[in-house]
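These notes concern the structure reproduced below.
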Amino acid sequence: MNLLTRLAAAIVLAIASSYTYTYLSQSFRMTGLGKTYRNVNTTSCIHIGHGVLHGCEDITIDPYTGLAYLACGSLKPRQHWLNPDDPYDFAHETQTDHIYVMDENDEYTEIKPMVLSDSGEKLPFSQSLRLHGFDIYWNPDDADDMTFMFVNHQLEHAAVSIFSHQRGSDYMLHIETVKSELLHSPNNIVAMSKRSFYATNDMKYTHGIMREISMNLRIPDGHVVYHNETGGFSIAANHISYPNGIAKSGDWIYVASCTDPSVQVYKASSDGSLEYHGRNKYWNSIPDNLHVDHLTGQIYSTSFLKISQTHKFFRHPSLDTTDTAGTKLLRLTPRDNDPRNGFVDETLLIDSGRLMPTATIAAVQRRNGVQRLLIGGVMSHSLVVCKDVI
39 MNLLTRLAAA
49 IVLAIASSYT
59 YTYLSQSFRM
69 TGLGKTYRNV
79 NTTSCIHIGH
89 GVLHGCEDIT
99 IDPYTGLAYL
109 ACGSLKPRQH
119 WLNPDDPYDF
129 AHETQTDHIY
139 VMDENDEYTE
149 IKPMVLSDSG
159 EKLPFSQSLR
169 LHGFDIYWNP
179 DDADDMTFMF
189 VNHQLEHAAV
199 SIFSHQRGSD
209 YMLHIETVKS
219 ELLHSPNNIV
229 AMSKRSFYAT
239 NDMKYTHGIM
249 REISMNLRIP
259 DGHVVYHNET
269 GGFSIAANHI
279 SYPNGIAKSG
289 DWIYVASCTD
299 PSVQVYKASS
309 DGSLEYHGRN
319 KYWNSIPDNL
329 HVDHLTGQIY
339 STSFLKISQT
349 HKFFRHPSLD
359 TTDTAGTKLL
369 RLTPRDNDPR
379 NGFVDETLLI
389 DSGRLMPTAT
399 IAAVQRRNGV
409 QRLLIGGVMS
419 HSLVVCKDVI
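Be aware that the sequence shown starts at 39, since it is given in our numbering, and climbs by one per residue.
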């Protein structure tokens, strides 16, 4: 072996060793093994809506009124789409997914999904509605005219269901349910108009051994899809490791990557494609959903502290399952109001697991002089409200 060959082999070995070390050390940090956490800034937090506001995976705040809209529902169906290879009794599934609107006094009412018949009569929405992430588009010419877009895990095919709602009414009317081969594993959504949206597809494989391999090896096989005004689908951003939450601030689109823990920054183009502008790395937690405070442009990000305990809780969502999964809440502030310059990270809250074994969304509610944080979880039994965290 000549000197050049030996040098090349040494370089390859060094690169491979460095990559392996980085991969293994990051994987170990993600598990949270051996870590213990103390509660930080949780003394003002309380539970509300136990038995009603459960499984509230996502929350959106009305920027005009401060009302909070919550997508909540049954834990059993959520167990299935979080663990699709586990045995599940489809024939006897009891669906109780709901959309609620809540004010600053913890008064909440349900908004019923309806459909118009050919004769103009309002009838209950008859399709299955298994809620995951959602977003709202406000008509810029009439803020009372709202369009709700829900990731809907229908049994026959994942979809996005779109509804029209007039603020103050107790129902929303079904407009359309959108399906596509490119929308095979949707997780969260951001509404860009009454018809157009971006949605994250968290994984390439939805079942089986390849899904497990993809997740455990943190393969970047997820992507963001764009649905345009005319109904067409395209891939807007590719090669993302388990893209989860997605949010917007003007033309900026933020995407949470779970298995490459970070918030990735994109800018939306006129054709719907997303231009990559960097990422904000997470070192000791894994991000889930994102909420952009419309008043400040800051990102609020819930994250998991111990992913092994989180998976355990997702399979058996009882407070007796684990009190050590843990949640961290981060606030990311774009430097100089430009996310291309990076972010200032602040840890606002740490919960060891007893208050809320996991959390998937934290949203800032401001209404009638009240300012507080609403925290929901895809498998949680109630909503958590914190008054002195922001």
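Note that beta-carbon positions come from the ideal geometry of N, C-alpha and C, so glycine has one too. On a predicted model such as this, the values are computed, not experimentally measured, just so you know.
Could you check what DSSP says for residue i in three-state terms: helix, strand or coil?
i           : result
residue 120 : helix
residue 254 : helix
residue 237 : strand
residue 355 : coil
residue 130 : helix
residue 346 : helix
residue 183 : strand
residue 210 : strand
residue 387 : strand
residue 378 : helix
residue 283 : strand
residue 425 : coil
residue 178 : coil
residue 509 : Nothing in the structure corresponds to residue 509, since the chain is present only between 39 and 428.
residue 373 : helix
residue 248 : helix
residue 54  : Confidence is the limiting factor: at residue 54 the pLDDT is only 44, short of 50, which leaves the residue's position unreliable, though a coordinate-based value still follows. DSSP places residue 54 in helix when its eight states are reduced to three.
residue 266 : coil
residue 396 : coil
residue 340 : strand
residue 192 : coil
residue 292 : strand
residue 141 : coil
residue 163 : coil
residue 332 : coil
residue 75  : coil
residue 305 : strand
residue 363 : coil
residue 408 : strand
For residue i, which of the options has the nearest alpha-carbon?
i           : options            : result
residue 153 : 162, 334, 74       : 162
residue 367 : 405, 390, 304      : 390
residue 155 : 204, 302, 212, 192 : 212
residue 170 : 112, 380, 82       : 112
residue 232 : 315, 176, 127      : 176
residue 280 : 274, 256, 263, 303 : 256
residue 246 : 197, 305, 149, 120 : 120
residue 76  : 362, 261, 83, 284  : 362
residue 208 : 117, 393, 151      : 151
residue 349 : 423, 118, 89, 108  : 118
residue 78  : 230, 194, 396, 385 : 385
residue 107 : 301, 343, 145      : 145
residue 298 : 116, 263, 240, 330 : 240
residue 128 : 115, 134, 135      : 115
Look at the Cβ atom of residue i, then the Cβ atom of residue j, and state whether they are nearer than 8 Å.
i           : j           : result
residue 210 : residue 172 : no
residue 215 : residue 199 : yes
residue 421 : residue 87  : yes
residue 139 : residue 132 : no
residue 83  : residue 393 : yes
residue 98  : residue 174 : yes
residue 278 : residue 261 : yes
residue 398 : residue 416 : yes
residue 238 : residue 224 : yes
Express the C-alpha separation of residue j and residue i in angstroms, rounding to a whole number.
i           : j           : result
residue 296 : residue 428 : 24 Å
residue 337 : residue 372 : 9 Å
residue 35  : residue 251 : No answer is possible for residue 35: it lies beyond the span of the chain, which begins at 39 and ends at 428.
residue 347 : residue 74  : 12 Å
residue 317 : residue 324 : 14 Å
residue 320 : residue 159 : 50 Å
residue 375 : residue 332 : 13 Å
residue 219 : residue 382 : 38 Å
residue 92  : residue 137 : 11 Å
residue 406 : residue 271 : 41 Å
residue 236 : residue 221 : 10 Å
residue 328 : residue 143 : 24 Å
residue 95  : residue 326 : 10 Å
residue 418 : residue 403 : 20 Å
residue 305 : residue 226 : 18 Å
residue 191 : residue 197 : 6 Å
residue 205 : residue 184 : 7 Å
residue 364 : residue 388 : 7 Å
residue 312 : residue 276 : 9 Å
residue 229 : residue 351 : 30 Å
residue 81  : residue 409 : 16 Å
residue 101 : residue 181 : 10 Å
Shorter than 8 Å from the beta carbon of residue i to some beta carbon of chain B?
i           : result
residue 331 : Chain labels in this structure do not include chain B; a single protein chain is all it has.
Just checking, does the region 281 to 300 make contact with the region 263 to 270 on the three C-beta pairs under 8 Å criterion? With contact defined as three or more Cβ pairs closer than 8 Å, the region 281 to 300 and the region 263 to 270 are not in contact.
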